[in-house]
Every structure is written in structure tokens, then in C-alpha cells.
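In this text, residue positions in the sequence shown follow our numbering: the first is 1, and each later residue adds one. Notes follow once the structure below has been shown.
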Amino acid sequence: MFSLFLLPLLVAALAQGPADSAAKPAAPEALEWRADRPLTWADFKSRPKTDRLAALTSSTIDAKVGCTDFKFSAQVTAVFVPAESWVRDPARASANLLRHEQLHFDLTELHARKLRQRLSLVKLDCQRLQPAFGNLTKASFLEWQREEARYDQETNHGLNQPRQQYWEQQVQQKLQQLEQFASR
1 MFSLFLLPLL
11 VAALAQGPAD
21 SAAKPAAPEA
31 LEWRADRPLT
41 WADFKSRPKT
51 DRLAALTSST
61 IDAKVGCTDF
71 KFSAQVTAVF
81 VPAESWVRDP
91 ARASANLLRH
101 EQLHFDLTEL
111 HARKLRQRLS
121 LVKLDCQRLQ
131 PAFGNLTKAS
141 FLEWQREEAR
151 YDQETNHGLN
161 QPRQQYWEQQ
171 VQQKLQQLEQ
181 FASR
């Protein structure tokens, strides 16, 4: 599972003007995605919010945008939110379940890379930033949301191991294909 709270904040912030930061700052305990730092169950700090799931990963794409001397700049980061992520029973939680939750975070990074790629390919006019940037990010976030839902559906929340392995291979391949858009 994932969290998609950034888009309304992003659009609302952009309405204030192109030089404003477009995203709510990540909480101090938030974790930025890194290939060399996988999630552990200790990262999941919240309490369960539903009986339907064994765990929940809260992640988002933190996008900060601005214009300096009429030059557009953006910083896009995939972020895991420990205070909103939980595991029902950490003592009994499986490695397979953690791999499933990790892939939710990996999907967040994949879509952050796609957004970085899209931002690198378009010329955004700082005086008319809001409509173009808002449309671009809205489309990106909707694509991310749909893929997250399809991932849970196709893998049955990680219980369908052949589909889980397929998704893991596909996401890793896509991350490699977009390596040049990894956060540095």
C-alpha cells in the first residue's frame, strides 16, 4: 500500500506562485529511497489502521519546484514515511511480506525517476508554470497510483509468489533503464 498525499499539496502550492516550494517538507524521520538502503521492519513505526492488511508502506514523491532568474528547477525525491507505515505483527512478519512492501517503495522511486525524466524533457515557462507543471505532475501521480493498485491486485498483496517475482524483475529492470534519472 502507498500514500498519495502530495498531489493536492503540489497543485495548491503552485497556485500561490511559481517560486513557491511545491511540496510539504518530508518529516525529519522520513527516509529517502536509496538502492543501498532497503527497508527493515524496524522502519515501520505506526500502528495498524485496518484488519485487512498485514502491512502498509506509506511513501510519496516529494517534489520541490521553483524559478530563479526565470530558470525552472525541480528536486524530486521518493520518500518512505515511517510514522505512517506499519506491520501488524513484526515478530511473525515474513521476509516475503517485507519484499512486497519494499517493492511499493521501489515503485515510488521508479515513478520519481519517470517524473525527473519528464521534467528534463520539457521547457517550463516560469511565468506560466502552474498549468503546465500541474498537468505534468497530475498525470505522473495518476500513473503511479494506478500502477501501485495494479501491483497489489496482480500479486494479491504479495501472496501470489510467481506474480510477485515477476513484478520484482520488471521494476528492477525499469529502475536500471532509468538509472540516469536516479537522485544524486
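The beta carbon of each residue, even a glycine, is placed where N, CA and C say it ideally should be.
Identify, in the order they occur along the chain, each residue of the same chain with its Cβ nearer than 7 Å to the Cβ of ASP106, setting aside the five sequence neighbours on each side.
Result list for ASP106: VAL171 and LEU175, in chain order.
Thinking GLN145 and THR155 are a contact (beta carbons under 8 Å), I'd like their distance in whole angstroms, please.
The beta-carbon separation of GLN145 and THR155, rounded to 16 Å, does not stay under the 8 Å limit for a contact.
Tell me, please, which residues DSSP counts as bridged to THR68.
Beta bridge pairing from DSSP links THR68 with LYS71.
Quick one: Cα of ILE61 to Cα of GLN169, how far?
Spanning the alpha carbons of ILE61 and GLN169 requires a straight line of approximately 22 Å.
With three or more C-beta pairs closer than 8 Å as the rule, is the segment 55-72 touching the segment 120-136?
Verdict: yes, contact present.
With a threshold of 16 other CB atoms inside 10 Å of the CB of ALA42, please say whether the residue is buried or exposed.
Classification of ALA42: exposed, given that the 10 Å Cβ count is below 16.
Could you check whether the segment 94-106 touches the segment 48-57, counting it as contact only if at least three pairs of C-beta atoms, one from each stretch, sit closer than 8 Å?
Touching, yes.
PRO82 versus VAL122 - alpha carbon distance
When rounded, the distance between both Cα atoms is 33 Å.
TRP167 in three-state terms, based on DSSP
Correct three-state label for TRP167: helix.
Using the DSSP secondary-structure output, state which residues sit across from VAL79 in a beta bridge.
Answer is GLU32 and THR60.
Rounded straight-line distance, which links the Cα of ARG128 to that of GLU32:
Taking the straight line joining both Cα atoms gives about 30 Å.
For GLY158 and PHE181, I'd like the C-alpha separation in whole angstroms.
Computed Cα separation, rounded: 28 Å.
Boundaries of the alpha helix (DSSP H) in which GLN102 is found, first to last residue
Segment 95-121, the alpha helix (DSSP H) holding GLN102.
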